[in-house]
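Novice:
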Amino acid sequence: MDFWQSPLLQKIPWLFHTTSTKDFGSLRYPNPGDLEDLQKPNREKFYQEIGIDSNKVVMSGNVHGNLITVVSSKETAQRIEGCDGLITAEPGLTLTVKTADCLPLFFVDHKNKFIGLVHSGWLGTVKNIAAVAVEEFKKLGSNPTDLLVAIGPSIKACHYDIKPEKLEEIKSIYPNSNNWKKYLLEKDGKVFVDLQTAVVDELLAAGVNRNNIDSNPPCTMCEPEKYFSYHATGENNSSLSVISIKS
């Protein structure tokens with residue numbers, strides 16, 4: 068069974084992280100109001116395959132905001148509503164986020180042994196969620212120069228075209244929309260967005276070293292045999308990203 072890992076983070080002996088592929092099927096966890104959890108058997112199989120205790124998992128709310136929540140074992144087996152990022156220092160506690168084009172961002176303070184996992188879609192990216200996460204790490208005592216960050220499998224500028232109304236929404240939210248022009252690429256009458264570069268710039272402005280950022284993940288639309296893409300299919304299937312401190 069295949070899964071993705073960042074070469075940058077693989078060097079840390081006390082860390083486990085990964086993003087699932089289609090080998091495990093859809094691992095989507097339910098949103099509020101969903102009556103069934105159809106992919107629970109797939110997630111249980113995935114956790115078993117990678118050696119994760121399913122009773123020690125915390126799920127991000129995925130609401131396309133920029134709230135980051137620090138969690139502990141008190142929140143295990145819960146979806147943390149209202150947030151798009153999780154941070155913990157507890158060994159054995161696994162942070163999870165579902166994506167199907169959005170950027171999963173893996174954060175590691177390799178000196179203090181703090182970890183984080185963030186869901187950064189276009190809206191979270193515009194709301195500067197990567198920089199917000201760095202600020203939350205700083206509150207816990209982290210130095211941004213000690214943070215390692217990896218961007219997981221996500222849609223890239225080669226495929227992420229947006230409609231005019233979404234472009235106008237970006238301009239209405241972003242504090243200085245002119246800055247966003249450098250992330251927009253025009254081709255064949257369409258506008259494409261480079262979210263990965265936008266996130267890297269946010270991290271650099273927040274004090275993270277460029278050499279500590281792994282920003283070249285697989286594109287979810289370039290590899291349809293391996294990754295789910297909502298942009299490509301409109302279907303509610305998701306990969307699952309996880310990160311944990313080995314206990």
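Taking the numbering used here, the leading residue of the sequence shown gets 68, the next gets one more, and so forth.
Note that CB positions come from ideal geometry on N, CA and C, so glycine has one too.
1) Could you pull out every residue in the same chain whose Cβ sits closer than 6 angstroms to the Cβ of Ile310, ignoring the five residues on either side in sequence?
2) Give a yes or no on contact between the region 147-164 and the region 184-193, applying the rule of three or more CB pairs nearer than 8 angstroms.
3) List the endpoints of the continuous alpha helix (DSSP H) containing Phe204.
4) Nearest by alpha-carbon distance to Tyr250: which of Trp189, Ala273 and Val275 is it?
5) List in chain order: all unbroken alpha helix (DSSP H) runs of 4+ residues lying wholly within the region 138-223.
6) Taking 6 angstroms as the limit between beta carbons, can you name the residues of its chain near Gly159, skipping five residues before and five after?
7) Just verifying my parser: in three-state terms, what is the DSSP assignment at Trp81?
8) Using 10 angstroms around the beta-carbon of Glu203, count the other beta-carbons present and answer buried if the total reaches 16, otherwise exposed.
9) From Ser121 to Asn109, what distance separates their C-alpha atoms?
10) So what does DSSP say about Ile119, is it helix, strand or coil?
11) For the putative contact between Thr287 and Tyr294, defined by C-beta atoms under 8 angstroms, what is the C-beta separation to the nearest angstrom?
12) Counting only runs that start and end within the region 231-299, where is the beta strand (DSSP E) found for 3 or more residues in a row?
Specialist: According to the data block:
1) His84, Leu162, Phe173, Ile182 and Leu184
2) yes
3) Ile196 to Lys206
4) The candidate whose alpha carbon is nearest that of Tyr250 is Trp189.
5) 189-193 and 196-206
6) Around Gly159: Lys123 and Ser314.
7) coil
8) buried
9) 12 angstroms
10) coil
11) 4 angstroms
12) Those beta strand (DSSP E) runs which fall completely within the region 231-299 and span 3+ residues are 251-254 and 257-260.
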